[in-house]
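Encoded as structure tokens, the structure appears first; notes follow it.
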Amino acid sequence: MNSLKSLFSTSGRASKAPPSREIAREKREWKIESDRWRHQRHVEKGYRIKWGYVAIAYLVEFMVIGASLAGAWLFAGVYSDGDWHAFYFMLLAPLVYAAVELCRVPLGILARTQRSYFIRGLAILGIIFAAGVTTKSVSQLGEMMFHPRLMDAARTKTTLKDAQADRATIEDRIKAADDRVASYTAELDQIEKRAGDNAQQLAGLPAQRCEKVFGTNSKGVRYQNLKCVADPRVAALSAGVTKANADRTALVKDLEEARKARAALDRGAADRRVADAEQAYRNAVNRSQLHSFTAMVYGVDPIDVSEQQVHAFLRIFVFLPALCAAFASTILALCAVSTRRTFMDEDDLGAAVNPEAAPFMLDAITEALRADPAVARPTPQITPQAAPQAPPPPAAVIPMSRPATAQPSLPNPNLPAAGAGA
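Sequential numbering from 27 applies to the sequence shown in our numbering.
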């Protein structure tokens, strides 16, 4: 058992060897040096950019650009009507808009890193222009999102209006159809009466008279023929009977059509069409999120909202998110830059020395040099080849606060007693 335990413990120690202290120390020193170099670079530049936030801002930009180009592609495919020239013409402007939208994040960084206020103003102006282009593209996407349901609601509402108008005029159309049927019926009765009178008169006329005619022709041959003489009223009455029959046939056809049209005019059917159209319109409105939000805001039934109310809410529901989307990545890019004063601005840090306090500061420095002259003396460099030398004599301290009235001569550095009497 002891051997097994020792074997497993030995294998565990072999698989988990301690790290080298020299490597860990070098990594730590390299990290410290890298951090010090980055900090010094940030100090010299005067700003620091958090590239993680910039990457998120660019990701948002690429998502907006990709969605805008995809929406423009679909929009051109729907409204180009199969004309490929028109299709590609409709894609030129979205490509330019995408290029403009890509400038917003760099402009936001420039607005924070540039030291010139004029350049900053130009960058802010460019941000506003690019945000306007993005607002247009995103608002078009928002309108395309609501467009199918709005068109469905508009189509069903038109059907409802037609059904309501049909029901409102059903009484007038029923009366007109009844009048038309009555007129055709009265006219048919008159034709029937006229045809009956003509037939009766024709039947009351006497039959035609026929008699034999004898004579001799030009060759001297005798002939014999039968000659019939009809009543002249027969032709007129026969023509009247024929015309009456033709008029009756045409009028009977018109009467049948009028009766069919009258039978189609049903008050119950009109009410059912209105009810079906109302149900279809309500279903379309319930599927439209924009109608639901508009009804919630105005406190009415979704089926009772007007077109003006829907489009007024559409402006808020489309343009406001588009405006927020236009400035979101730019604001993130602006916040990704933290500015600070550089070593070139250290004169502007507000640290000023009062001239009256200068003599006291110089006296304090002089006293410190008198107390420890080794502070002002440089440390000698000792090499292995060079032998150690004797330390030089202590340096003389020149008093910094001399009276303004006395004008002594320049001290001789070779005389050590020059600063002794200060």
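Idealized CB from N, CA, C, for every residue including glycine.
Fair warning: this is a prediction, and the values are worked out from it, not measured in the lab.
- Just grab the DSSP bridge partners of THR392 for me. On the sequence shown, position 366 is the one that residue 392 refers to. The partner list for THR392 (beta bridge, DSSP) is empty, contrary to what the question assumes.
- Item | Inter-residue Cα distance where the pair is TYR324 and TYR84 | Here the question's residue 324 lines up with position 298 in the sequence shown. Here the question's residue 84 lines up with position 58 in the sequence shown. C-alpha separation (whole angstroms): 39 Å.
- Item | THR365 - DSSP class collapsed to helix/strand/coil | On the sequence shown, residue 365 is found 339 positions in, with the first residue counted as 1. It is a strand residue.
- Query: In chain order, what residues of the same chain lie with their CB nearer than 8 Å to the CB of ASP302, ignoring the 5 residues before and after it?
  - Reply: Taking the sequence shown and counting its residues from 1, one reaches residue 302 at position 276. For ASP302, where only same-chain residues beyond five positions count, the Cβ hits under 8 Å are ALA189.
- Mind the definition here: the stretch 138-157 touches the stretch 343-361 only if three or more C-beta pairs lie below 8 Å; say whether that holds. yes
- Query: Beta carbon of TYR79, beta carbon of LEU360: below 7 Å?
  - Reply: Here residue 79 is taken as the residue at index 53 of the sequence shown, counted from 1. Here residue 360 is taken as the residue at index 334 of the sequence shown, counted from 1. Their beta carbons are not under 7 Å apart, which means TYR79 does not touch LEU360 by this criterion.
- Task: Compare the C-beta of SER355 with all C-beta atoms of chain C and state if any pair is closer than 7 Å.
- Result: You won't find chain C in this structure, because it holds only one protein chain.
- Message: Between which two residues does the alpha helix (DSSP H) holding ARG74 run?
- Response: If you number the sequence shown from 1, residue 74 lands on position 48. Here ARG74 belongs to no alpha helix (DSSP H); instead the beta strand (DSSP E) covers 73-75.
- Task: State the Cα-Cα distance for the pair ASP398 and ALA384, rounded to the nearest angstrom.
- Result: Position 372 of the sequence shown, counting from 1, holds the residue named residue 398. Position 358 of the sequence shown, counting from 1, holds the residue named residue 384. Taking the straight line from one Cα to the other gives about 22 Å.
- Indicate the three-state DSSP secondary structure (helix, strand or coil) for SER46 in the structure shown. Here residue 46 refers to the residue found at position 20 of the sequence shown. Of the three classes helix, strand and coil, the one that applies to SER46 here is coil, per DSSP.
- Proximal residues to ARG50 (C-beta, below 8 Å), its chain only, five neighbours per side dropped: Translated into positions along the sequence shown, residue 50 becomes position 24. In the sequence under discussion, the amino acid at residue 50 is Ala, which differs from the Arg named in the question. Contacts found: none.
- Message: Report the CB separation of ARG293 from ASP204 in whole angstroms; it is logged as a contact under 8 Å.
- Response: Against the sequence shown, residue 293 aligns to sequence position 267. Against the sequence shown, residue 204 aligns to sequence position 178. With 8 Å as the limit, ARG293 and ASP204 do not qualify as a contact, their Cβ atoms being about 13 Å apart.
- Task: Below 6 Å CB to CB, which residues in the same chain sit around ARG299 once its five sequence neighbours on both sides are set aside?
- Result: Walking along the sequence shown from the start, residue 299 turns up at place 273. Here the set comprises ALA189.
- Item | 8 Å CB neighbourhood of TYR307 in its chain, flanking five on each side removed | As a working note, residue 307 is residue 281 in the sequence shown. So the list reads ALA179, THR182, LYS183, THR185, LEU186 and ILE329, once near-sequence residues are dropped.
- Leaving out the 5 sequence neighbours to the left and right, which residues in its chain are closer than 7 Å to GLU213 when beta-carbon positions are compared? One-based indexing of the sequence shown puts residue 213 at position 187. For GLU213, where only same-chain residues beyond five positions count, the Cβ hits under 7 Å are LEU277.
- Message: I'd like to check one pair, ARG74 with HIS68: are the Cβ atoms closer than 7 Å?
- Response: Start at 1 with the first residue of the sequence shown, and residue 68 comes out as number 42. Start at 1 with the first residue of the sequence shown, and residue 74 comes out as number 48. The answer is yes: Cβ separation under 7 Å.
- Among LYS269, GLY152, VAL122 and PHE115, the one whose alpha carbon lies nearest that of LEU133: Locating residue 133 in the sequence shown gives position 107, counting from the first residue. The option with the nearest alpha carbon to LEU133 is GLY152.
- Query: For GLY168, does the count of other Cβ atoms within 10 angstroms reach 16, so buried, or fall short, so exposed?
  - Reply: On the sequence shown, position 142 is the one that residue 168 refers to. Buried, by the Cβ-count rule.
- Apply the 10 Å Cβ neighbour rule to ALA348 and answer buried if 16 or more other Cβ atoms are within range, or exposed otherwise. For this step, residue 348 is matched to residue 322 along the sequence shown. Label assigned to ALA348: buried.
- Message: Please give me, in chain order, every unbroken run of the beta strand (DSSP E) with length at least 3 that falls completely inside the stretch 80-155.
- Response: none
- Rounded C-beta distance between VAL207 and LEU100? I'm assuming under 8 Å. Locating residue 207 in the sequence shown gives position 181, counting from the first residue. Locating residue 100 in the sequence shown gives position 74, counting from the first residue. Contact flag wrong, Cβ pair sits at about 55 Å.
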